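Notes to accompany the following structure.
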Amino acid sequence: MSFQPLRPPFEATQPPYSNTGVRMRDPSVSAPLQAPEAAFFDWYQATIAASPEAIQAAFLETFHGEFEPVRPINGYASGVKHSTLPFSVFWGGHNPHPNVKATGGDSDQISKWVRCVFAHHRVSRADVALDFSFDGSFDAIAALIEPVARQRRVSIKFLGDPAENDPAYPADQRRGRTLYLGSQTSEMRIRLYEKGFERRSAGVETIDPNHARLEVVCAPQKERKMRAAELSPFEMIGFSKWISSAVELVCAAQPHLIPKVPARETTDDERLASCVRQYGRTLREIADRKGLHGLMAHLQILLYAPAERLPLPPLNDGATQ
Numbered sequence: 033m034s035f036q037p038l039r040p041p042f043e044a045t046q047p048p049y050s051n052t053g054v055r056m057r058d059p060s061v062s063a064p065l066q067a068p069e070a071a072f073f074d075w076y077q078a079t080i081a082a083s084p085e086a087i088q089a090a091f092l093e094t095f096h097g098e099f100e101p102v103r104p105i106n107g108y109a110s111g112v113k114h115s116t117l118p119f120s121v122f123w124g125g126h127n128p129h130p131n132v133k134a135t136g137g138d139s140d141q142i143s144k145w146v147r148c149v150f151a152h153h154r155v156s157r158a159d160v161a162l163d164f165s166f167d168g169s170f171d172a173i174a175a176l177i178e179p180v181a182r183q184r185r186v187s188i189k190f191l192g193d194p195a196e197n198d199p200a201y202p203a204d205q206r207r208g209r210t211l212y213l214g215s216q217t218s219e220m221r222i223r224l225y226e227k228g229f230e231r232r233s234a235g236v237e238t239i240d241p242n243h244a245r246l247e248v249v250c251a252p253q254k255e256r257k258m259r260a261a262e263l264s265p266f267e268m269i270g271f272s273k274w275i276s277s278a279v280e281l282v283c284a285a286q287p288h289l290i291p292k293v294p295a296r297e298t299t300d301d302e303r304l305a306s307c308v309r310q311y312g313r314t315l316r317e318i319a320d321r322k323g324l325h326g327l328m329a330h331l332q333i334l335l336y337a338p339a340e341r342l343p344l345p346p347l348n349d350g351a352t353q
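The opening position of the sequence shown corresponds to residue 33 in my numbering, with each subsequent residue numbered one higher.
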């Protein structure tokens, strides 16, 4: 797969200025439909079963530049970020594999690189974005998708200055509004915000005051993490039935619904392997300090009551202690 030169990255994406407890006005403008192929990733984060050195080397081979240390996140012990692109790698701690994160305008291009070079990754988070720019775009889109959320009884949170709901409010004084549909802890949620004013707050002088962005924030769980690595941005919206219904109102098609795969009962060996993947570093540190015999004795103390404990078999001659 060949990669085209990256377009200039957008400024850092942050939710606009906000206050809570605001209700929106009813719009008088209908929303033009957006094409499904216009959807793109505005955030792409994944776990990759490779060494951090291999990930960095592969990234530099394609995009050049260099990496520099950055503060790690989510319990990882180490981290680096690219010198010019919004791409970071985190590893260590109790996490068995590195985690990579791309944010902002270059995320979609970087996601294609991840899928090409490390196809068998697991998606931690992916934000699917759709951009709109027409008169009253924020209010028109919000009026279409908010009733779907209310019907499904999902949480709704509107942030912004109440005065900005007045269409006569001066554009040069607007700070921007944001609408969240769905819980922050759920697998999927919608974020709609006025991207034009968010960009102005980041220092962009020339903005489109009607630029609104609808983002579907996806945090796939369990088997869906690997499934998500194969889906296009628009297809990924299909993980949620109610969000698919909402997006259909502003797109020319509805995402194909992706049913949850019934959980398969795991075997004892699989559960033990999962435990070792998660805590293997700690187990190895104890074994290095106490020897394998000491590790077994320690596990027996933790697993069994005193009356249930059995004598450990003696070590064979020449066995590692």
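Note that CB positions come from ideal geometry on N, CA and C, so glycine has one too. The structure displayed is predicted, hence computed values, not measured ones.
* **Residue closest to residue 153, alpha-carbon to alpha-carbon, out of 171, 164, 133, 160** => 133
* Sorted by chain position, which residues of the same chain lie with C-beta nearer than 7 Å to residue 288's C-beta, five sequence neighbours on each side aside? -> 267, 270
* **DSSP three-state assignment for residue 74, whether helix, strand or coil** => strand
* Does the region 294-311 come within contact of the region 77-91, defined as at least 3 CB pairs closer than 8 Å? -> no
* **Minimum C-alpha distance to residue 70 - residue among 338, 324, 285** => 285
* **Same chain only: Cβ atoms within 8 Å of residue 335, ignoring 5 sequence neighbours per side** => none
* **Where the alpha helix (DSSP H) containing residue 146 begins and where it ends** => 139-149
* Asked: Quick one: Cα of residue 181 to Cα of residue 188, how far?
  -> 7 Å
* Is it right to say residue 201 is buried, meaning 16 or more other beta carbons lie within 10 angstroms of its own, or is it exposed? -> exposed
* Residues bridged to residue 225 by DSSP? -> 210, 245
* Asked: What does a CB cutoff of less than 6 Å around residue 290 pick up in its chain, not counting 5 residues either side in sequence?
  -> 270, 271
* Asked: Does the beta-carbon of residue 214 have 16 or more other beta-carbons within 10 angstroms, so that it is buried, or is it exposed?
  -> buried
* For residue 66, write down the residues that DSSP places opposite it in a beta bridge. => 283
* Asked: Got a sec: is the Cβ-Cβ distance from residue 100 to anything in chain B below 7 Å?
  -> Protein chain content of the structure displayed is limited to a single chain, and chain B is not contained in it.
* CA-to-CA distance, residue 116 to residue 301, given in whole angstroms -> 44 Å
* To do: To the nearest angstrom, report how far apart residue 80 and residue 143 are at their CA atoms.
  => 12 Å
* **Close-in-space but distant-in-sequence residues of the same chain around residue 309 (CB under 7 Å, 5 per side omitted)** => 128
* To do: Check each candidate in 102, 229, 119, 239 and name the one with the smallest Cα separation from residue 92.
  => 119
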